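All remarks here apply to the structure that follows.
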Amino acid sequence: MKPLVYAIAKDDSFRNRISECISQDSDIKFITKSDLLMELYNETPNCIILSDDEMDEDSIALIDSTMSLEYVPTICISLNKEDWQQTKTLDYATYIGKNNVDPVLPFLVEQSLHFSKRYQDLHTSVDTYDILNDEMKDLMNLTIETVDSEALNPLFSFMQSVYEYNDFLDNSPSSLWVVQKRQEQFEAIQLDFIDDRISRPIKFMDESFSFDAFKETGYFKNEDVDELSDIDDFNQLMPQSLLEKSPAIDNVACFSMNDVMLIAINFHKSIKQRDLNILKAITIKLDLLYNVVTSFTELQDSFIYTMNALARAAEGKDDVTGHHIKRVNVFSKLIAEEIGASEQFIKEIEVAAQMHDVGKIFVPESILNKKGKLTDEEFALIKEHTIQGAIIIGESKNLTMAAEIARHHHEKYDGSGYPDRLIGETIPLSARIVALADIYDALRSPRPYKPGFSHDEAYDIIVNGDGRVEPRHFDPEILDAFTRRHQEFDNIYNTYAD
5 MKPLVYAIAK DDSFRNRISE CISQDSDIKF ITKSDLLMEL YNETPNCIIL SDDEMDEDSI
65 ALIDSTMSLE YVPTICISLN KEDWQQTKTL DYATYIGKNN VDPVLPFLVE QSLHFSKRYQ
125 DLHTSVDTYD ILNDEMKDLM NLTIETVDSE ALNPLFSFMQ SVYEYNDFLD NSPSSLWVVQ
185 KRQEQFEAIQ LDFIDDRISR PIKFMDESFS FDAFKETGYF KNEDVDELSD IDDFNQLMPQ
245 SLLEKSPAID NVACFSMNDV MLIAINFHKS IKQRDLNILK AITIKLDLLY NVVTSFTELQ
305 DSFIYTMNAL ARAAEGKDDV TGHHIKRVNV FSKLIAEEIG ASEQFIKEIE VAAQMHDVGK
365 IFVPESILNK KGKLTDEEFA LIKEHTIQGA IIIGESKNLT MAAEIARHHH EKYDGSGYPD
425 RLIGETIPLS ARIVALADIY DALRSPRPYK PGFSHDEAYD IIVNGDGRVE PRHFDPEILD
485 AFTRRHQEFD NIYNTYAD
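Numbered per the working numbering, the sequence shown spans residues 5 to 502.
Dropping the structure here:
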């Protein structure tokens, strides 16, 4: 279906100019001002274009009352007055002069069509979001967690796109409070659109403060308009900790959804119901977003806990303690930081490194804890733990690094390792890092078949070699990182000593 444009004017030349400017992809319908209300009952246009020769007091009152019920992007063209800036009588409309019709009107109509589609989609989705949000919350049984201030930067950009960078939304607040309830405590952060800044989070407890007054229907108040409630009601409803940090309040709109509340302060113009509707839609969307973030965080925490439990189960078969996997995690993180790996890589390897020996679950304890030299057959079974570990972890994309480490942490840079005899950088970086971290910890730790070495002895073996462990076994960049930070390896080992 083509976008619909209503055009209202008496002047035939104006109608012709409109027809010439508007894309043929749009359906133009020329109507009279008296038919506008009836036409809007039948269908909602994407844009209204009108000329000032139709804008008497009755027309303005009709259009204004119509727009209060359903906002439609409106473009006014001044045909008869040179100083078209003085003709502005509809405060929500976009004005252009008659000399700017040809270059400007097509652009404005195209923008209005784009905006009205998004607005209509949002408007019709509000109730659906409301229902789905409650259903999702009940299903997940979640508690909203506060997103840190850095994560609020995308939120600030989103709010700017709604309120500041929108030519057809003429009323926006100067600042916006985002408030979250966490058990009995509240946390609030202020988005200041004038100074383009985000305040530091404010935490407060206030037994008298409740989101209940702002749910379902929300709340808005214009101080200079005689309405049912007055601005003092808002002062009584809000916690003093927020009022003290807010500017003098001329008007305000609030809406809450579950444990999230938005407080929009000092709109440029008087607040109308449609302004509150937009705030409601944003609040619902934000509540859903926090649910998703919390769900992901809890899922990630459960995921990490499961990996920890699996790694401990594998280590429990060996004659070592859980401190070994903790140390390998921290060693690996230290190396990754030193070689300049990405923040995401560092975070991931600190958790995934512990999965390096998970395949030992399939190796008999009699072999793992044997005090004497292993036979060839026994050593072959030991080496199988790399393959079995990768099989246990599987092929989930969220466990790619863990699977790489499990299979390849015994590969050697010169190609003499196992199970695949990979060479150089064909070995995944994560496995190259864990290879050195694991060797260092194995040298330091006592085993049934050997005593533990001191830090200096372990350092000398890794850097200079002893026949079994040679520097050529390690990625040169990772070996250099170890030599620069080796003293910290000793500190970590002593901190998490068995």
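Glycine residues also receive a C-beta, built at the ideal position from the N, C-alpha and C atoms.
Remember, it's a predicted structure, so these values are computed and weren't measured experimentally.
Scanning its chain for C-beta atoms nearer than 6 Å, with the 5 sequence neighbours on each side dropped, one finds around Asn-333 the residues Glu-354, Ala-357, Gln-358, in chain order.
Asp-361 places its beta carbon 9 Å or farther from that of Ile-339.
One Cα belongs to Ala-192, the other to Asp-291, and the distance between them is close to 14 Å. Asn-226 and Lys-121 have their C-alpha atoms roughly 29 Å apart. Rounded to the nearest angstrom, the Cβ distance from Ile-482 to Arg-411 is 18 Å, too far for a contact under 8 Å. In the DSSP assignment, Thr-78 falls within the beta strand (DSSP E) that extends over 78 to 82. Measuring C-alpha to C-alpha distances from Ser-458 to each of Asn-402, Asp-68, Asp-494 identifies Asp-494 as the nearest. For Val-473, the secondary structure class from DSSP, reduced to helix, strand or coil, is coil.
Note on Leu-41: under 16 other CB atoms within 10 angstroms of its CB, so exposed under the neighbour-count rule.
If the five residues before and after Arg-489 are omitted, its C-beta is found closer than 7 Å to the C-beta atoms of Leu-338, Glu-342, all from its own chain and listed in chain order.
Exposed is the label assigned to Leu-247, since fewer than 16 other Cβ atoms lie within 10 Å of its Cβ. Comparing C-alpha distances from Asp-68 to each of Glu-43, His-327, Ala-97, Cys-51 shows the shortest one belongs to Ala-97.
In this structure Pro-432 is buried. Its beta-carbon is surrounded by 16 or more other beta-carbon atoms within 10 angstroms. Here Arg-476 is exposed, its C-beta having fewer than 16 other C-beta atoms within 10 Å. Between Tyr-453 and Lys-377, the gap from beta carbon to beta carbon is short of 9 Å. Counting of Cβ neighbours within 10 angstroms places Lys-185 among the buried residues, the total reaching 16 or more. The beta-carbon separation of Arg-21 and Phe-34, rounded to 12 Å, does not stay under the 8 Å limit for a contact. With a beta-carbon spacing of about 17 Å, Tyr-422 and Thr-379 fall beyond the 8 Å limit used to define contacts. Tyr-417 and Pro-450 have their alpha carbons spaced roughly 26 Å apart. When the beta-carbon positions are compared, Ile-52 and Thr-78 come within less than 9 Å of each other. Residue state for Thr-98 is assigned as strand, using DSSP reduced to three classes. Per DSSP, the unbroken beta strand (DSSP E) holding Ser-55 starts and ends at 51 to 55. Tyr-10 carries a strand assignment under DSSP once its states are collapsed to helix, strand and coil. Your pair Ala-257 and Leu-283 checks out as a contact, with CB atoms roughly 5 Å apart and the cut at 8 Å. In this chain, Lys-276 is not harboured by any beta strand (DSSP E), its DSSP state being neither H nor E.
Residue pairing of Met-209 in beta bridges, as defined by DSSP: absent, with no partner found.
Ile-465 sits in a helix when the DSSP states are folded into three classes. Beta-bridge annotation (DSSP): Phe-259 is paired with Leu-266. Rounded to the nearest whole angstrom, the CA to CA distance from Leu-173 to His-118 is 13 Å. Rounded to whole angstroms, the separation of the alpha carbons of Arg-448 and Gly-419 is 25 Å. By the criterion of a C-beta distance shorter than 6 Å, Ile-275 is surrounded in its chain by Phe-224, Asn-226, Asn-255, Ala-257, once the five residues flanking it on both sides are discounted.
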